[in-house]
Amino acid sequence: MYKNIILHVPHSSADFSFAGAAEVKLFGQKWLEQASDLIDWFTDELFVPQSHSDNILPVVFDVCRTLCDVERLSHDPLEKRGLGITACCCLMTDRGAYNPRLFPSGDIRIMQKYLDHQYKLASLLVQRHESLLLDCHSFSNGATLLQPDISMNHGIDVCLGWNNDFTRPKDEVLSLVTNYFKAKGYSVGLNTPYSNAKTVDTPADYNALMIELNKRIYMDEKNIAKNDRFEQVASDVQGLYELLLK
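If you want it as structure tokens, here you go:
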């Protein structure tokens, strides 16, 4: 099916050090507490194999999404909810906690970090023909700023998302992935509760598929800890790659 899989892991980091030592000392713990629901905890371990493979290339972003979100677009609709490229304002929540917006939206450091990441992805896609860009995420089982309506989860364990454009995988690929997870005992949502997949501005011809894992299947969200199913979930996810590679 594909010669290469590029694993894009954009939201696993809880690292705020990019903000600077003084800011982290003042606000770091509050930032972490309030960003916790939005961080895709442990997805860098769930999706990325420990052993090296020439055909599986991970791209893991190393800054917390509430400082810089590489999934967002310029003039993204989520800007209105404080969840744009620079998402620090999302930390002013109805929980009563207040954190100043660290970077204005045009801050050159944030934008350079953002653009460097997009360039890295684009370069890989140009260099690696016949690639699947696998967008690797997880989602909270409870309400968050991103998804306040928990009924949208509908008991879904694995959410698959794709774009209705040239990056859309063929029906046989979508069926393979859907049936694979169902056979492993997971309930699967198709473009629900989340939809679409990461795209990159590049002339390369590639497919894109998002996989979102419900955090309840692999971790204790309250205590930010892996549960006893973690290793099995990781094995199931990574077992899919062999089927997707030629």
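First residue of the sequence shown? That's -8 in this note's numbering, and the numbers climb one at a time after it.
Using N, Cα and C, we set each Cβ at its ideal position, and we do this for glycine too.
Computed from a predicted model, the values in this text were never measured in an experiment.
Inter-residue Cα distance where the pair is residue i and residue j
{"i": "Ser178", "j": "Ser166", "result": "14 Å"}
{"i": "Asn182", "j": "Ser27", "result": "24 Å"}
{"i": "Cys81", "j": "Asp162", "result": "Low confidence applies here, because Cys81 scores a pLDDT of 43, under 50, leaving its location unreliable; read the following figure in that light. Approximately 37 Å, taken between the alpha carbons."}
{"i": "Asp45", "j": "Asp53", "result": "22 Å"}
{"i": "Phe221", "j": "Asp126", "result": "19 Å"}
{"i": "His43", "j": "Leu(-2)", "result": "13 Å"}
{"i": "Pro68", "j": "Asp6", "result": "25 Å"}
{"i": "Tyr197", "j": "Ile76", "result": "24 Å"}
{"i": "Ser4", "j": "Val191", "result": "21 Å"}
{"i": "Lys189", "j": "Arg159", "result": "11 Å"}
{"i": "Ser65", "j": "Ile101", "result": "13 Å"}
{"i": "Leu124", "j": "Ile215", "result": "28 Å"}
{"i": "Val224", "j": "Leu235", "result": "18 Å"}
{"i": "Gln103", "j": "Val0", "result": "19 Å"}
{"i": "Ile147", "j": "Gly133", "result": "12 Å"}
{"i": "Lys213", "j": "Ser142", "result": "19 Å"}
{"i": "Leu115", "j": "Glu233", "result": "20 Å"}
{"i": "Leu106", "j": "Phe9", "result": "15 Å"}
{"i": "Asp35", "j": "Leu48", "result": "12 Å"}
Best match in the options for proximity to residue i [C-alpha to C-alpha]
{"i": "Thr169", "options": "Val0, Asp107, Glu203", "result": "Glu203"}
{"i": "Leu151", "options": "Val228, Arg100, Ile141", "result": "Val228"}
{"i": "Gly180", "options": "Tyr209, Asn144, Ser114, Gln25", "result": "Asn144"}
{"i": "Asp31", "options": "Gly176, Leu17, Asn155, Val51", "result": "Val51"}
{"i": "Gly176", "options": "Val149, Leu29, Ala195", "result": "Val149"}
{"i": "Phe130", "options": "Gly11, Asp211, Glu14", "result": "Asp211"}
{"i": "Arg56", "options": "Leu37, Leu29, Trp153", "result": "Leu29"}
{"i": "Leu231", "options": "Ile99, Phe33, Asp156, Lys173", "result": "Lys173"}
{"i": "Phe157", "options": "Tyr171, Asp140, Asn187, Thr135", "result": "Asn187"}
Strand pairing of residue i, partner residues [DSSP]
{"i": "Asp211", "result": "Ala216"}
{"i": "Val15", "result": "Answer is none; Val15 lacks a bridge partner."}
{"i": "Pro49", "result": "Leu(-2)"}
{"i": "Asn205", "result": "Phe130"}
{"i": "Tyr250", "result": "Because the chain in this structure spans residues -8 to 237, residue 250 falls outside the shown range and cannot be described."}
{"i": "Gly152", "result": "Met201"}
{"i": "Val179", "result": "Val149"}
{"i": "Leu236", "result": "Tyr(-7)"}
Integer Cβ distance of residue i from residue j, believed to fall under 8 Å
{"i": "Val61", "j": "His120", "result": "Not really, about 23 Å apart at Cβ, beyond 8 Å."}
{"i": "Pro184", "j": "Gln138", "result": "6 Å"}
{"i": "Lys217", "j": "Tyr(-7)", "result": "Not really, about 29 Å apart at Cβ, beyond 8 Å."}
{"i": "Tyr209", "j": "Leu23", "result": "Not a contact, Cβ separation roughly 20 Å."}
Chain D contact for residue i (CB, 8 Å cutoff)
{"i": "Leu37", "result": "Checking the listed chains, one finds no chain D in this structure; it contains a single protein chain."}
Residue i: CB within 7 Å of a non-hydrogen atom of the ligand MN
{"i": "Leu124", "result": "Among the components of this structure there are no ligands whatsoever, and the ligand MN is therefore not found."}
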